[in-house]
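By the UniProt record's numbering, the letter at position 287 of the sequence shown is numbered 287, and the numbering carries on one by one without gaps.
Okay, so here's the structure we're looking at.
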Amino acid sequence: MHTFLERVNSPQDIKKLTFAELTLLAGEIRSLIIETVARSGGHLAPNLGVVELTLALHKVFDSPQDKMIWDVGHQSYVHKILTGRGGALHELRQMGGISGFPKRSESEHDAFATGHASTSISAAVGMAVARDMSGQDNHVLAVIGDGSLTGGQAYEALNHAGHIGTKLIVVLNDNEMSIARNVGAMSGYLAKIRTAPGYAKVKQDLEHLLRRIPSIGDRMVQTAERLKDSVRHFFIPGMLFEELGFTYLGPIDGHDLADLTGLLEKAKQMSGPVVLHVLTRKGKGYAPAERNADIFHGVGPFHAATGEIIKKDGPPTYTRVFGDTLLTLAEADKNIAAITAAMPEGTGLKAFAGRFPARFFDVGIAEPHAVTMAAAMACEGKKPVIALYSTFGQRAYDQVLHDVCLQELPVVLALDRAGLVGEDGPTHHGVFDYSYLRHIPNLICMAPKDEGELRHMLYTALQGNRPVALRYPRGSGIGIGVDLSEPLQVLPVGQAEVLRLGRDVNLVAIGSMVNPCQQAAAQLQEQGIDAGVVNARFVKPLDRSVIHLLAETGPLITVEENVLAGGFGSAVLECLSDQGLAGSRVLRLGLPDEFIEHGAHALLLKKYSLDANGIARQTAGFLRQLFPE
Ligand SMILES: Cc1ncc(C[n+]2csc(CCOP(=O)(O)OP(=O)(O)O)c2C)c(N)n1
Ligand SMILES: CC(=O)[C@@H](O)[C@H](O)COP(=O)(O)O
Ligand SMILES: [Mg+2]
């Protein structure tokens, strides 16, 4: 029974509830989120940690007039429930259902779309200056986690906000965790604030005392002010934010509704920028998630009663094969180093971190820094491998271009979660990387047809002395039975693998699309169409002679799990145009020029006709068009 939840359809309903009722409501919200995520997967621990915080925010502020911006947005389920979407939670992250992230088109209460970390303070500054320009006085809040506060953009925004001094509130949700344990000097600084005994009281008493020091004459005033500052610095660790122009409030227990609302009311009265430091427990209220906040950060289906994750049988993931292969290669070459931007588990580097702690670097959510740092390591003879999700690699485009490729440095960019990622949706699909990489000079860009080829590609990348981007998909390999003891081969750079030449048509596929193309070719065979399949392996350098040969043989279908705009198929068309074969019969299959919604990976492939059936159907249709009976 969700007695209180049933009474909450909008944030206005929160305002009428007493603290005792809100506490009961918090329990019901937790149960609903646990039940929902246990069924269909999602971001559990981050949401359980912000139940009271979200209730307090909606009690004190008036959304949608007041703007709440959720950094990353993976912790916005409670906000969704309180803003009229509780009834739609059962279809969270499923195709056609509500998104797992804030989305302006979904609700007027979702002030700004998020998904990539560390953008919320910039967005809050933008909303605040727009408000000031229109002479309005609504409140603007950025809710940012301690992990997201490791991202450079957060500091750019703090710097600017402190400079202009406009009214906005940064709620720092500090749970000492990124996905893994949070890292970095800022994290250490927050820990100091947390552990300073009776800090808030000391700060209050001290300010009171300092205000009572008499000021006599100009010089004396200056000296006294300097003295006050030194005393503040000595006793008050939160001064960093104050020095940046913010009023620092906290730290405060983020599960105490009375304290939270009290301090939020105080923040509301301030005229300039405020940082409100809130301490929460990731996974709060669900023992398995409290114990293993990293595992329950983003999780697949599990048994709600026990917290036991429902294991999927199947081949090892690409991530796993990448991690294991890198570990093997690093045993033999002490120059190999691994870098992650706050995702050691997600990118398969946890074992590497354990085995080679001195060669492993978690830089925080700092993709641009990771890439420039790797470039400099390569200058000094090291072989850095940066494992990023393709979508987060977008953050480091300029660093790849300007720091790595311009200097032709041997850095390996391992782009995991390339292609459609499924339920996380448009903020996370890695469908732009061929397009954002293939025009960069000096860069080799490759994608394996299966998990076995991934091993050889990683080896190839580390053997060469050039920048390489290697992209592979989320989830299980195709099940070729990887043997880690199988000797690794250097693949000839720029050479495609002709799997079978077709008489009627040839499918030239890259990466994850090779396997469905082979299945499609088998289906076409049954329809009497002889279709060949070529594994392109390289988007850059492209195998121009194979493309030439195929175009002269007959119709050509390019297939990629990337947007068509500027992708692999575009590269093939450019190549044909350069070779004077612009009139070739080419059909490009890939993703359209739009943001792809969330939904199960298989359903999305089907929707965009990139599964075997869709590829076969489109190929047959193209041939019918070319050769009407
Ligand atoms: C640019 C970018 N890099 C990496 C990620 C992956 N990611 C999602 S949540 C997260 C940790 C965020 O930690 P924090 O902000 O403290 O939130 P918490 O989950 O602890 O509430 C990371 C690394 C991302 N969303 N965006
Ligand atoms: C919110 C975020 O960016 C990550 O938590 C991401 O959702 C993880 O995705 P994977 O499940 O593919 O590791
Ligand atoms: Mg955190």
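Glycine is no exception: its CB is placed at the ideal position from the N, C-alpha and C atoms.
Computed from a predicted structure; not experimentally measured.
Quiz item: Pick from 121, 33, 85: whose alpha carbon is nearest that of residue 70?
Solution: By 1-based counting over the sequence shown, the position of residue 70 is 70. If you compare the alpha carbons of 121, 33, 85 with that of residue 70, the shortest gap goes to 121.
Quiz item: Which residues have a Cβ closer than 5 Å to any heavy atom of ligand 3, listed in chain order?
Solution: Environment of ligand 3, chain-ordered: 145, 146, 147, 175, 177, taking every residue with Cβ within less than 5 Å of a heavy atom.
Quiz prompt | Proximity below 8 Å, CB of residue 177 to CB of residue 282 | solution = Along the sequence shown, read from residue 1 onward, the residue named residue 177 stands at position 177. Along the sequence shown, read from residue 1 onward, the residue named residue 282 stands at position 282. The criterion of a C-beta distance shorter than 8 Å is satisfied by residue 177 and residue 282.
Practice problem: Within the same chain, show all residues whose beta-carbon is closer than 6 Å to that of residue 680, passing over the 5 residues directly before and after it, in chain order. | Solution: Nothing can be reported for residue 680, as the shown portion of the chain is limited to 1 through 629.
Quiz item: Going by C-alpha distance, which of 84, 83, 74, 104 is nearest residue 93?
Solution: The residue given as residue 93 occupies position 93 in the sequence shown. Checking every option, the nearest Cα to that of residue 93 belongs to 74.
Exercise. On the DSSP bridge assignment, give the partners of residue 360 in chain order.
Key: Along the sequence shown, read from residue 1 onward, the residue named residue 360 stands at position 360. Per DSSP, 338.
Quiz item: Is the CB-CB distance between residue 244 and residue 159 below 8 Å?
Solution: On the sequence shown, position 244 is the one that residue 244 refers to. On the sequence shown, position 159 is the one that residue 159 refers to. Cβ atoms of residue 244 and residue 159: closer than 8 Å.
Exercise. Go ahead and pull the three-state DSSP assignment for residue 295.
Key: In the sequence shown, residue 295 corresponds to position 295, counting from 1. Of the three classes helix, strand and coil, the one that applies to residue 295 here is coil, per DSSP.
Quiz item: I think residue 568 touches residue 389, with their Cβ atoms under 8 Å apart; what is that distance to the nearest whole Å?
Solution: Against the sequence shown, residue 568 aligns to sequence position 568. Against the sequence shown, residue 389 aligns to sequence position 389. Between residue 389 and residue 568 the Cβ distance is about 20 Å, and since that is not below 8 Å, they are no contact.
Quiz item: In three-state terms, what does DSSP make of residue 476?
Solution: Counting from one through the sequence shown, the residue named residue 476 turns up at place 476. In the three-state DSSP reduction, residue 476 falls in the strand class (E or B).
Quiz item: Rounded to a whole number of angstroms, what is the C-alpha to C-alpha distance between residue 444 and residue 491?
Solution: To locate residue 444, count along the sequence shown from 1; it is residue 444. To locate residue 491, count along the sequence shown from 1; it is residue 491. Using only the alpha carbons, I get a separation of about 12 Å.
Quiz item: Taking residue 526 as the reference, which of 471, 613, 440 has the closest Cα?
Solution: Residue numbering aside, residue 526 sits at position 526 when the sequence shown is read from its first letter. Of the candidates 471, 613, 440, the one whose C-alpha sits nearest the C-alpha of residue 526 is 613.
Practice problem: Starting from the Cα of residue 83, find the closest Cα among 66, 57, 11, 35 and give me that residue. | Solution: By 1-based counting over the sequence shown, the position of residue 83 is 83. The residue with the shortest Cα to Cα distance from residue 83 is 11.
Quiz item: From this set, 466, 57, 262, 570, which residue's C-alpha is nearest residue 382's C-alpha?
Solution: In the sequence shown, residue 382 corresponds to position 382, counting from 1. Ranked by Cα distance from residue 382, the options 466, 57, 262, 570 are led by 466.
Quiz item: Where residue 149 and residue 155 are concerned, what is the direct C-alpha to C-alpha distance, given to the nearest angstrom?
Solution: Sequence index remark: in the sequence shown, residue 149 carries index 149 (1-based). Sequence index remark: in the sequence shown, residue 155 carries index 155 (1-based). Distance between the alpha carbons of residue 149 and residue 155: 8 Å.
Quiz item: Measuring CA to CA, which of 22, 91, 57, 424 is closest to residue 109?
Solution: One-based indexing of the sequence shown puts residue 109 at position 109. Ranked by Cα distance from residue 109, the first of 22, 91, 57, 424 is 57.
Quiz item: Terminal residues of the continuous beta strand (DSSP E) containing residue 98?
Solution: To locate residue 98, count along the sequence shown from 1; it is residue 98. Counting along the chain, residue 98 falls outside any beta strand (DSSP E), and DSSP gives it neither H nor E.
Quiz prompt | When 86, 6, 314, 301 are compared against residue 475, the one with the closest alpha-carbon | solution = Residue numbering aside, residue 475 sits at position 475 when the sequence shown is read from its first letter. Nearest C-alpha to residue 475: 314.
Quiz item: Can residue 88 and residue 98 be called in contact, C-beta distance under 8 Å?
Solution: By one-based count along the sequence shown, residue 88 stands at place 88. By one-based count along the sequence shown, residue 98 stands at place 98. Cβ atoms of residue 88 and residue 98: closer than 8 Å.
Practice problem: Using the Cα positions of residue 479 and residue 320, report the straight-line distance between them to the nearest angstrom. | Solution: As a working note, residue 479 is residue 479 in the sequence shown. As a working note, residue 320 is residue 320 in the sequence shown. The alpha-carbon atoms of residue 479 and residue 320 are separated by roughly 13 Å.
Practice problem: Determine, using beta-carbon pairs with one atom in the region 47 to 61 and one in the region 301 to 310, whether at least three such pairs fall under 8 Å. | Solution: With a cut-off of 8 Å on Cβ pairs, the region 47 to 61 is not in contact with the region 301 to 310, counting fewer than three such pairs.
Practice problem: Please confirm whether any heavy atom of ligand 1 lies closer than 7 Å to the CB of residue 343. | Solution: The residue labelled residue 343 in the question sits at position 343 within the sequence shown. When distances are taken from the beta-carbon of residue 343 to the heavy atoms of ligand 1, the shortest one is below 7 Å.
Exercise. Only counting runs of 4 or more residues, tell me where the alpha helix (DSSP H) segments fall wholly within the region 462 to 530, in order along the chain.
Key: Entirely contained in the region 462 to 530, the alpha helix (DSSP H) runs reaching 4 residues are, in chain order, 514 to 526.
Quiz item: Regarding residue 362 and ligand 2, is the C-beta to nearest heavy atom distance less than 7 Å?
Solution: Residue 362 sits at position 362 when you count from the first residue of the sequence shown. The nearest non-hydrogen atom of ligand 2 is 7 Å or more from the C-beta of residue 362.
Exercise. Would you check if the distance between the CB atom of residue 420 and the CB atom of residue 604 is smaller than 8 Å?
Key: Looking up residue 420 in the sequence shown gives position 420. Looking up residue 604 in the sequence shown gives position 604. Result yes, Cβ atoms of residue 420 and residue 604 sit closer than 8 Å.
Exercise. Look up residue 539 in the DSSP assignment and say whether it is helix, strand or coil.
Key: In the sequence shown, residue 539 corresponds to position 539, counting from 1. Residue 539 falls in the strand class under three-state DSSP.
Quiz item: Just how far apart, CA to CA, sit residue 193 and residue 379?
Solution: Numbered from 1 along the sequence shown, position 193 holds the residue referred to as residue 193. Numbered from 1 along the sequence shown, position 379 holds the residue referred to as residue 379. Near 38 Å, if we compare the C-alpha coordinates of residue 379 and residue 193.
Self-check item: Helix, strand or coil at residue 181 according to DSSP, with G and I counted as helix
Solution: Against the sequence shown, residue 181 aligns to sequence position 181. In the structure shown, residue 181 sits in a strand (DSSP, three-state: E or B).
Self-check item: Start and end residues, alpha helix (DSSP H) containing residue 47
Solution: Locating residue 47 in the sequence shown gives position 47, counting from the first residue. Here the alpha helix (DSSP H) through residue 47 covers 44 to 48.
Quiz item: For residue 409, which option in 441, 260, 269, 624 has the closest C-alpha, if you only look at C-alpha atoms?
Solution: On the sequence shown, residue 409 is found 409 positions in, with the first residue counted as 1. Here the closest residue by C-alpha is 441.
Quiz item: Between 608, 239, 32, which lies nearest to residue 247 when the distance is taken from Cα to Cα?
Solution: Along the sequence shown, read from residue 1 onward, the residue named residue 247 stands at position 247. For the residues 608, 239, 32, the minimum Cα distance to residue 247 belongs to 239.
Practice problem: Using only alpha-carbon positions, find the residue among 487, 485, 369, 267 that is nearest to residue 60. | Solution: If you number the sequence shown from 1, residue 60 lands on position 60. Looking only at 487, 485, 369, 267, the smallest Cα-Cα distance to residue 60 is reached by 267.
Practice problem: Please list, in chain order, all residues with a C-beta atom less than 5 Å from at least one heavy atom of ligand 2. | Solution: One residue after another in chain order, those with a Cβ under 5 Å from a heavy atom of ligand 2 are 74, 298, 346, 424.
Self-check item: Range covered by the alpha helix (DSSP H) that runs through residue 377
Solution: As a working note, residue 377 is residue 377 in the sequence shown. For residue 377, the enclosing alpha helix (DSSP H) starts and ends at 367 to 379.
Quiz item: How would you call residue 487, buried or exposed, if buried means at least 16 neighbouring beta carbons within 10 angstroms?
Solution: Sequence index remark: in the sequence shown, residue 487 carries index 487 (1-based). That one is exposed.
Practice problem: Out of 553, 169, 517, state which residue places its alpha-carbon closest to the alpha-carbon of residue 590. | Solution: Position 590 of the sequence shown, counted from the first residue, corresponds to residue 590. For residue 590, the closest alpha carbon among the candidates 553, 169, 517 is that of 517.
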